[in-house]
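A.B. asks: First, the structure itself, so that you have it in front of you.
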Amino acid sequence: MAEPPRRVRELLLAGLAAAYLAAFASLYVQVPGLYGRDGILPARRVLRLSGQRLWEQFRDFPTLLWLGPSLGLDTELGMELLCLLGVLCSFGALLLEPLRDSLVFALLWVLYFSLYQVGQVFLYFQWDSLLLEAGFLAVLVAPLRLLSWGSPAWRPHDSITFWLMRWLLFRLMFASGVVKLTSRCPTWWGLTALTYHYETQCIPTPAAWFAHQLPVWFQKFSVVATYVIEVAVPVLFFAPIRRLRLFAFYSQVLLQILIILTGNYNFFNMLTIVLASSLLDEEHVGRSTGRSKKRNTGSWPPSLGSFLSTLLELSTYSLLLYWSIQYFSLEINWDKRLLESKVAFTYHEFTMWLRAVTLPLVGLAFLSLSWEILAAMYRCACVRGYFWKLWAMLQWVIFTTAAVGVFAISLVPFTYIEFESNGKLWPGIHQAFGAVQRLQLVNSYGLFRRMTGVGGRPEVVLEGSYDGQNWTEIEFMYKPGNVSRAPPVVAPHQPRLDWQMWFAALGHHSSSPWFSSFVHRLLQGQEDVIRLVQVDESQYPFNARPPVYIRAQLYKYWFTSSAEGSHSWWRRQRVQEFFPTVSLGDPMLENLLNQHGPRQDKTPARRPLATVLPRVLQSLRQLCRPVPGPTILWSLYLVVATACLLRALHHQCRGGAPPACHKGPRRGDPADRGGAEKNGHMRRREPQERGESRACGGPEACGGGRHGTKRKK
Numbered sequence: 006m007a008e009p010p011r012r013v014r015e016l017l018l019a020g021l022a023a024a025y026l027a028a029f030a031s032l033y034v035q036v037p038g039l040y041g042r043d044g045i046l047p048a049r050r051v052l053r054l055s056g057q058r059l060w061e062q063f064r065d066f067p068t069l070l071w072l073g074p075s076l077g078l079d080t081e082l083g084m085e086l087l088c089l090l091g092v093l094c095s096f097g098a099l100l101l102e103p104l105r106d107s108l109v110f111a112l113l114w115v116l117y118f119s120l121y122q123v124g125q126v127f128l129y130f131q132w133d134s135l136l137l138e139a140g141f142l143a144v145l146v147a148p149l150r151l152l153s154w155g156s157p158a159w160r161p162h163d164s165i166t167f168w169l170m171r172w173l174l175f176r177l178m179f180a181s182g183v184v185k186l187t188s189r190c191p192t193w194w195g196l197t198a199l200t201y202h203y204e205t206q207c208i209p210t211p212a213a214w215f216a217h218q219l220p221v222w223f224q225k226f227s228v229v230a231t232y233v234i235e236v237a238v239p240v241l242f243f244a245p246i247r248r249l250r251l252f253a254f255y256s257q258v259l260l261q262i263l264i265i266l267t268g269n270y271n272f273f274n275m276l277t278i279v280l281a282s283s284l285l286d287e288e289h290v291g292r293s294t295g296r297s298k299k300r301n302t303g304s305w306p307p308s309l310g311s312f313l314s315t316l317l318e319l320s321t322y323s324l325l326l327y328w329s330i331q332y333f334s335l336e337i338n339w340d341k342r343l344l345e346s347k348v349a350f351t352y353h354e355f356t357m358w359l360r361a362v363t364l365p366l367v368g369l370a371f372l373s374l375s376w377e378i379l380a381a382m383y384r385c386a387c388v389r390g391y392f393w394k395l396w397a398m399l400q401w402v403i404f405t406t407a408a409v410g411v412f413a414i415s416l417v418p419f420t421y422i423e424f425e426s427n428g429k430l431w432p433g434i435h436q437a438f439g440a441v442q443r444l445q446l447v448n449s450y451g452l453f454r455r456m457t458g459v460g461g462r463p464e465v466v467l468e469g470s471y472d473g474q475n476w477t478e479i480e481f482m483y484k485p486g487n488v489s490r491a492p493p494v495v496a497p498h499q500p501r502l503d504w505q506m507w508f509a510a511l512g513h514h515s516s517s518p519w520f521s522s523f524v525h526r527l528l529q530g531q532e533d534v535i536r537l538v539q540v541d542e543s544q545y546p547f548n549a550r551p552p553v554y555i556r557a558q559l560y561k562y563w564f565t566s567s568a569e570g571s572h573s574w575w576r577r578q579r580v581q582e583f584f585p586t587v588s589l590g591d592p593m594l595e596n597l598l599n600q601h602g603p604r605q606d607k608t609p610a611r612r613p614l615a616t617v618l619p620r621v622l623q624s625l626r627q628l629c630r631p632v633p634g635p636t637i638l639w640s641l642y643l644v645v646a647t648a649c650l651l652r653a654l655h656h657q658c659r660g661g662a663p664p665a666c667h668k669g670p671r672r673g674d675p676a677d678r679g680g681a682e683k684n685g686h687m688r689r690r691e692p693q694e695r696g697e698s699r700a701c702g703g704p705e706a707c708g709g710g711r712h713g714t715k716r717k718k
């Protein structure tokens, strides 16, 4: 059996805690403007008291915000409290390994799901659903340390639940690649999507401008590489050869890093890399951290198994290269010194291929899960002691049932990519999925389905005026506006209003009912909403008093070309009016507000009770108001990085540098094994078991191995 990936699990849980930290902290700074009583979409109108009992309210609409009135909190303060609790728990889990506990991740999931329930359109992003699904799986993956004294580092059944992270990564990447072709988007089929992507994505980075200048042949080849990484490589997630899984891991990481450099996609890419870490093994992680010895693979002649493994690996790489050349007509044009490519298959051929492989891929995943189940059962059978063997088998049954259940219901959203395969699923699976669908335990994914802004990036520009004649543009902090301003770097913070402004520009303003409420709040001069536009009040042109009139224009934006020699990053052209000129009391605005806006809620707001908790929350809010979201996030990450660095330096100072003259422990000694086994559980070894002194760093530093301590007989 392979060495249990204890460090890999800790790495994955720490990364997930970092993603939670970004999600909670980023949302916290935006709660008053988005969901406050005078915000764009007040959450209190979603969470209306109906006179039902508390448990009935939880049953019909599960969220912890129902407990707010008993704590003296209105809905806005309740959301802030949940965000702060999420920041505190995720910060602790990121900093301290003992807090990466199943109960802590269960609390994080409940907190974020409670916010998701009232988040409305500003929380309906695929990465919010991905975070909820990954967070739920973390409850099964994380150990139960807080209630179990001396909890083992790795349990025999843990590889079963850990496999679910790999399955989630497969569904995310494979579906994201497939939907690009099933959407029939001409840019994806023509391999020209990336010639538009960098300038048309929501919030590009400065590196996106430079990536946009790359030649067309390179952009087309990049699309081919994207298809290979998202459609073909994910199959290797279940490969029995570790080098193929490592190849798949680094392929995914490369893609995500390139996306991070050219686009501000908040915590999504970080979370995807975290999921990709499920492809690693203990040896690889230990070697990268200097805690694992390199395996001796230099024996000659090689064994039959090693030879066949290498042959299969080389065959896989050859097939990937051959299929890429064959299906995308890759050919080097030596005269023009470029790489030519085009799609060499039709939409009908692709749909037939997808229909043929969808269910076999499900079968491949089931075989991989079955292997993990059987391997875990074998480890449970090897547990010493009748009672501990029975206890291990009981846990194996429970977690196997949970894993198979999650895998089964996940087949419903996964097979949305091919509806004929979806219809072949057992009806009981559809019923089970329908029963838990609202809990966001499993979801369907498909990123960048269609490329927007082919004829130019649509952008809504707000303008305000005092007299209706002279208009002043209202500049946002993050989304494009001023053509001379460089694109910002804001990840992992997500300015959710800026993102929705990008979606609003793709259609008519009536398709974004929240927009009229946003305009109404600006006319009222609501400070919390203005801070979503500009944290620095001096940058807001109507800081002295609100504008009397507001209108919105639709523009088309393009990146400037390096050949133009311009000092501007953008060029733009006005297209048409997006939202007509309105003022307070305007009949059109009143009609829109009555249909979609906060005017629909006529019930008076409850004032929070004069208790300590509301005052503390309001004081924290006042402290955070002048600080931008990215600054808060990176400050928290800097604190964690500093604490980890100081802890590593302290550990190194206590351990000292081991001299090279002493030999390590002999092969077969307890210090040579990855961990001592007690009652079938892998646990951490005490320093005495490793031949170490508590005051030193290793067996060599204290004369360890056979020279330092006596072996137990």
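This note's numbering applies: residue 6 is where the sequence shown begins, and numbers increase by one.
Note that the Cβ used here is the ideal one computed from N, Cα and C, for glycine as well.
Predicted, not measured: the structure shown is a model, and the values here were computed from it.
Going by alpha carbons, who is nearest to G473 out of L511, R501, A557?
C.D. replies: A557
A.B. asks: In this structure, how does DSSP classify T477 when only helix, strand and coil are distinguished?
C.D. replies: strand
A.B. asks: Using the beta-carbon count (16 or more within 10 Å), is A23 buried or exposed?
C.D. replies: buried
A.B. asks: Count the other CB atoms within 10 Å of the CB of V144; is the residue buried (16 or more) or exposed (fewer)?
C.D. replies: buried
A.B. asks: Are the beta-carbon atoms belonging to V279 and L21 less than 7 Å from one another?
C.D. replies: yes
A.B. asks: If we count Cβ pairs, one from each stretch, closer than 8 Å, do we get three or more for the region 233 to 248 versus the region 367 to 380?
C.D. replies: yes
A.B. asks: Rank G590, F355, F254, Q331 by C-alpha distance to the C-alpha of E345 and give the top, closest one.
C.D. replies: Q331
A.B. asks: Can you tell me whether DSSP reads G469 as helix, strand or coil?
C.D. replies: Strand.
A.B. asks: In angstroms with no decimal places, state the Cα-to-Cα distance between T267 and T210.
C.D. replies: 5 Å
A.B. asks: Give the C-beta separation of R384 and P161 to the nearest angstrom, bearing in mind that I take them to be a contact with Cβ-Cβ under 8 Å.
C.D. replies: 4 Å
A.B. asks: Starting from the Cα of L364, find the closest Cα among I262, N427, K394, L325 and give me that residue.
C.D. replies: Out of I262, N427, K394, L325, N427 has the C-alpha closest to the C-alpha of L364.
A.B. asks: Near T205, what residues of its chain come up, given a Cβ to Cβ distance below 6 Å and the 5 sequence neighbours on each side ignored?
C.D. replies: T457, G458, R462
A.B. asks: Alpha carbon to alpha carbon, how far is Y642 from L313?
C.D. replies: Each residue's alpha carbon lies about 45 Å from the other.
A.B. asks: What are the uninterrupted segments assigned as beta strand (DSSP E) that are 3 or more residues long and contained completely in the region 334 to 379, given in chain order?
C.D. replies: Counting only runs of 3 or more, we get 336 to 338, 343 to 345.
A.B. asks: Can you tell me the Cα-Cα spacing of G310 and L249, whole angstroms?
C.D. replies: 15 Å
A.B. asks: When you compare only the Cα positions, how much space is there between I414 and L128?
C.D. replies: 23 Å
A.B. asks: Cα separation between V388 and M398?
C.D. replies: 9 Å
A.B. asks: Please report the residue range of the beta strand (DSSP E) in which L149 lies.
C.D. replies: Premise fails: L149 is in no beta strand (DSSP E) and is neither H nor E.
A.B. asks: Could you pull out every unbroken beta strand (DSSP E) segment of at least 3 residues lying fully inside the region 198 to 245, listed in chain order?
C.D. replies: none
A.B. asks: In chain order, which continuous runs of the alpha helix (DSSP H) of length 4 or greater are located wholly inside the region 8 to 38?
C.D. replies: 11 to 33
A.B. asks: Below 8 Å on the Cβ atoms is my guess for L17 versus M170; work out the distance and round it to an integer in Å.
C.D. replies: 7 Å
A.B. asks: Less than 7 Å between the beta carbons of L335 and W222, yes or no?
C.D. replies: no
A.B. asks: Going by CA-CA distance only, name the one from R247, A28, E81, A437 that's closest to D533.
C.D. replies: E81
A.B. asks: Where Q529 and V553 are concerned, what is the direct C-alpha to C-alpha distance, given to the nearest angstrom?
C.D. replies: 9 Å
A.B. asks: Between the C-alpha atoms of L374 and S543, what's the straight-line distance to the nearest angstrom?
C.D. replies: Going by the C-alpha atoms only, they are around 58 Å apart.
A.B. asks: Please check the pair L149 and D106, which I expect to be a contact at CB under 8 Å, by giving their CB distance rounded to whole angstroms.
C.D. replies: 7 Å
A.B. asks: Could you compute how far the alpha carbon of W214 sits from the alpha carbon of G512?
C.D. replies: 25 Å
A.B. asks: Tell me the rounded alpha-carbon separation between A381 and W396.
C.D. replies: Take the alpha-carbon of A381 and the one of W396: they are about 13 Å apart.
A.B. asks: Which one or two residues does DSSP pair with P463 in a beta bridge?
C.D. replies: K561
A.B. asks: Between the region 82 to 91 and the region 110 to 121, are three or more C-beta pairs nearer than 8 Å?
C.D. replies: yes
A.B. asks: First and last residue of the alpha helix (DSSP H) that includes F419?
C.D. replies: 391 to 419
A.B. asks: Just how far apart, CA to CA, sit F273 and G390?
C.D. replies: 45 Å
A.B. asks: Terminal residues of the continuous alpha helix (DSSP H) containing W575?
C.D. replies: No alpha helix (DSSP H) contains W575, which is instead part of the beta strand (DSSP E) from 575 to 587.
A.B. asks: Can you tell me whether Y383 is helix, strand or coil according to DSSP?
C.D. replies: Here Y383 sits in helix by DSSP.
A.B. asks: Report back the beta-carbon spacing between L151 and L108 to the nearest angstrom; my notes put them in contact at under 8 Å.
C.D. replies: Contact holds; Cβ gap of about 5 Å.
A.B. asks: So the alpha helix (DSSP H) S624 belongs to, where does it begin and stop?
C.D. replies: Going by DSSP, S624 is part of the alpha helix (DSSP H) stretching over 617 to 629.
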